[in-house]
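Notes follow once the structure below has been shown.
Residue numbers (the numbering used here): 51 to 300.
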């Protein structure tokens, strides 16, 4: 993060200095030629067993809506904010007609996979007796209202921590949240039969977008088809794929 911020600051100062050269008569740029290194891109995708483990743990912890959000990320390739704002009325004839919040509301038509359709049906059934509900596909089912982004991030981090270690976070605000979620419940009993997956220690919600791109490619989609579903640029799709497809001879 520090390196990315430094590059942004340097770019802003460069624009200001060029303005000074043009309007104020400045002659030399004191940092000309002093280039900062480019941060290595973070590209991480989940294998099927890793995604299955995350969803399984979410269900075991009594957070099925987090499992729904995870599968939405895998099968739609959308950012967290877009998934949390997605509403049921956007599903038409087995596909999600969707406009991203970024990129000037780029329209997408996203097919709904069988796995995702099953989860969404179960979510509607869980909320069938709510006196008041919202149109969002994913809702905070404890508060019975749309997710606050920071609250969702905390819950996802708890799910990922338990999935990777078999233990709840113990320190800080995350530990307090985890303790309140499991108050009166036995974590060991909830995880009976589950084997922790240490590879999930570095997995983040943002990685669901890379997962979607990679899975679509492995399913036989070309770059244009992937971009039309996830909303990535063709260059971004290419950057993700060149990093991973060599790991998958199939």
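Each residue gets a CB set at the ideal place from its N, CA and C atoms; glycine is no exception.
query                                                                                                                                                                                    : result
Give the straight-line distance between the Cα atoms of residue 264 and residue 170, rounded to the nearest whole angstrom.                                                              : 23 Å
For residue 157, which beta-bridge partners are listed by DSSP?                                                                                                                          : 149
Does the distance from the CB of residue 166 to the CB of residue 125 come in under 7 Å?                                                                                                 : yes
Excluding the 5 residues flanking residue 27 on each side, which residues of the same chain have their C-beta closer than 6 Å to its C-beta?                                             : Outside the modelled stretch of the chain, which goes from 51 to 300, sits residue 27, for which no answer is possible.
How far does the alpha helix (DSSP H) with residue 135 in it reach, from first residue to last?                                                                                          : 130–135
Can you check whether the CB of residue 180 is closer than 7 Å to the CB of residue 194?                                                                                                 : yes
Do residue 241 and residue 228 count as a contact pair if the criterion is CB distance below 7 Å?                                                                                        : no
Which residue marks the beginning of the alpha helix (DSSP H) containing residue 99, and which one marks its end?                                                                        : 98–110
Just to confirm before moving on: does the CB-CB distance between residue 23 and residue 134 stay below 7 Å?                                                                             : Here the chain has residues from 51 to 300 only, and residue 23 is not among them.
Give the straight-line distance between the Cα atoms of residue 192 and residue 156, rounded to the nearest whole angstrom.                                                              : 32 Å
Could you name the residues of the same chain whose beta carbon sits closer than 6 Å to that of residue 89, not counting the 5 residues immediately before and after it, in chain order? : 53 and 54
To the nearest angstrom, report how far apart residue 129 and residue 122 are at their CA atoms.                                                                                         : 10 Å
Can you tell me whether residue 280 is buried or exposed, with buried defined as 16 or more other CB within 10 angstroms of its CB?                                                      : buried
With DSSP run on the structure shown, which of helix, strand or coil describes residue 187?                                                                                              : coil
Sort out for me which residues DSSP pairs residue 195 with in a bridge.                                                                                                                  : 190
Runs of 3 residues minimum, wholly inside the stretch 194–266: which ones carry the beta strand (DSSP E) assignment?                                                                     : none
Among 271, 64 and 136, which one has its Cα closest to the Cα of residue 84?                                                                                                             : 64
Taking 8 Å as the threshold, find out whether the stretch 209–218 comes into contact with the stretch 237–257 through three or more Cβ pairs.                                            : yes
Using DSSP with H/G/I as helix, E/B as strand and the rest coil, what is residue 81?                                                                                                     : coil
Over the uninterrupted alpha helix (DSSP H) stretch that includes residue 344, give me the two end residues.                                                                             : The requested residue 344 does not occur in the structure, where the chain is confined to residues 51 to 300.
Between the alpha carbons of residue 103 and residue 268, how many angstroms are there, rounded?                                                                                         : 20 Å
Go ahead and pull the three-state DSSP assignment for residue 142.                                                                                                                       : strand
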